[in-house]
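According to mature numbering (1 follows the signal peptide of the UniProt record, and there is no 0), the residues represented by the sequence shown are -20 to -1, 1 to 349, in order.
All C-beta atoms in this analysis are idealised placements derived from N, C-alpha and C, irrespective of residue type, glycine included.
I have placed the structure first, in the form of structure tokens, so that the comments after it can refer back to it.
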Amino acid sequence: MCSPLFWIALVLGHVLPSVAQQDNGIIGDPLVDCADSYFEVRFETRNPFRGLVFVQDRLDDPHCRSPPASPSGHQNASLRLAFKECGVERRISTSPRGVFLSTSVIIAFNLDYLTKVDRIYRVQCFYMEMERRLEKEVLVKMPPPTLHTKQVPMPVCKYEVLEGSPTGKPVYYATVGQMVYHKWTCEAEQADTFCMVVHSCFVDDGNGERVQLINEKGCALDKYLLTNLEYPTDLMAGREAHVYKYADRDNMYFDCQITLRIKEPGSEYCEVPTCPDPPRRRRSHQTFPAITANEELKVDENSDFIIPHDEIVKLNWIQMNFDVRQAVLCMSNIGLGTVCFFNAVIIIISAVIVFFSVRLHALNTKLQC
């Protein structure tokens, strides 16, 4: 029969490692190594790590989690993932040309449950597609020279949503109506070499519902969502806008394309899109073309226009001659003449009354004397 001391030691042996893991934590940022056929993420911890690192929703797959920690424990943890395993996402980029590989990794300090010290990271590697062009010229009776070309590194571009201005803090969570600043920037090793144009911008609710904000020419389509972009520098574009959202959707995804061109030699500024003021986009409303004074509205002679009896409204004399609107009073010539006539009559009557009142007062004064 086991003594009480044995059970106490057994319980403490199970509880103390759990408490120690809750006191553990990650030091600094994870290190990501993007290799040829895999990428590896490494973490440094305060105390020896006895937990598990695994891909989100892939805990049961032994290829998608880290091996069991050694009893002695080390103050680091890592996970290596092959490109074709564990549901690694692949997304092709057109500008710059390349492939994004990404997945979500969870570091758990306890093998049985998740605690507040556990973290989830979105790991992403970008593999740029490089193009190299070699030319060779052959001359008759001459040694064939080889032309070596030097490839200029492509700029690295990014898109940010900031608080209200180009120098604001990044916004990750926002409320409807909040003022934010959409900012696109590219960093190039050589100055005054490239020009950028942001175009073909869409907003997606994550369920396939897409709305185009900027067309292929770089012009805005709805001024109440996002107006035409500004280009303060050759490799920067942006515009402030109010936050909006889809009904019953908490997340929004922006997808824009950036075209990079070589800057014309001797040009001081890059050419940017010349766009008209964007209209307000109306939904589910049929629009009809306006008819100007020089246009004629053609109606078929055989067409019949039937107006229901209850929609016929009889206008009185005032409604026929006066058109009262907010802040504007419009009247016909007859109405204007009528108003002038009544004003003249009132002025004459008032003058007559004042005249006789003065005469009567003067007469009473003489009689009293």
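Residue nearest to residue i in terms of C-alpha spacing, selected from the options
i, options, result
"D172", "E109, N323, G315 and V132", "V132"
"M216", "F234, M176 and E69", "M176"
"G218", "C199, R102, H43 and A331", "C199"
"residue 355", "F80, E109, N187 and M232", "With the chain running from -20 to 349 in the structure shown, residue 355 is simply not present."
"D235", "L32, I326, S84 and V178", "V178"
"T95", "R102, D40, R339 and G31", "G31"
"V239", "C137, L347, L81 and C105", "The sequence shown places Thr at residue 239, not Val. Out of C137, L347, L81 and C105, C137 has the C-alpha closest to the C-alpha of T239."
"I242", "S84, D214 and C255", "D214"
"L81", "A15, R26 and Y204", "A15"
"H54", "P48, D40 and P28", "P28"
"E109", "S50, R99, T165 and S73", "S73"
"N56", "E248, E220, L343 and R26", "R26"
"L91", "V79, D40, C166 and Y139", "D40"
Residues that residue i bridges to, as DSSP identifies them
i, result
"G218", "K163 and E210"
"T25", "I6"
"P150", "L142"
"F182", "Q192 and D235"
"Q55", "Q55 is not bridged to any residue."
"M110", "Bridge partners of M110: none, in fact."
"F174", "I242"
"F19", "C14 and L61"
"R229", "Its beta-bridge partners do not exist; DSSP assigns none."
"R99", "I87"
"R45", "F34"
Three-state secondary structure assigned by DSSP to residue i
i, result
"L201", "coil"
"S50", "coil"
"R71", "strand"
"C137", "strand"
"C105", "strand"
"H289", "Reliability of the predicted coordinates at H289 is poor, the pLDDT of 42 falling under 50, and the value obtained from them is presented with this limitation in mind. It is helical."
"T254", "coil"
Own chain, CB closer than 8 Å to residue i, minus 5 neighbours either side, in chain order
i, result
"A154", "V141, V160 and V223"
"E20", "V12, D13, S58, L59, R60 and L61"
"G8", "E24"
"I194", "V178, H179, S180, C181, A200, L201, L206, L209 and C236"
"K225", "V156 and M232"
"K197", "H179, P253 and C255"
"F34", "C44, R45, S46, L59, V85, I86 and A88"
"N313", "none"
Residues near residue i in its chain [Cβ-Cβ closer than 7 Å; skip 5 each side]
i, result
"G148", "L142 and Y161"
"V97", "Q2, N4, G5 and F89"
"P146", "Y161, K163 and G218"
"V68", "L61, L81 and T83"
"D257", "K203"
"F63", "S17, Y18 and L81"
"G78", "F106, Y107, M108 and E109"
Limits of the unbroken beta strand (DSSP E) element including residue i
i, result
"L32", "L32 to V35"
"L316", "No beta strand (DSSP E) contains L316, which is instead part of the alpha helix (DSSP H) from N313 to Q348."
"F80", "R77 to A88"
"V12", "L11 to C14"
Spatial neighbours of residue i in its chain, beta-carbon cut-off 6 Å, leaving aside the 5 residues before and after
i, result
"M134", "P76"
"R229", "D185"
"Q36", "S84 and I86"
"E169", "P133"
"D290", "With a pLDDT of 46 at D290, under the threshold of 50, the modelled position of this residue cannot be trusted; read the value that follows with caution. So no residue of the chain qualifies."
"C66", "V35, R38 and C44"
"G102", "It is worth fixing the name first, because residue 102 is Arg in this sequence and not Gly. These residues qualify, in order along the chain: S84."
Below-8 Å beta-carbon distance, residue i vs any chain D residue
i, result
"L205", "Protein chains in the displayed structure number just one, and chain D is not present."
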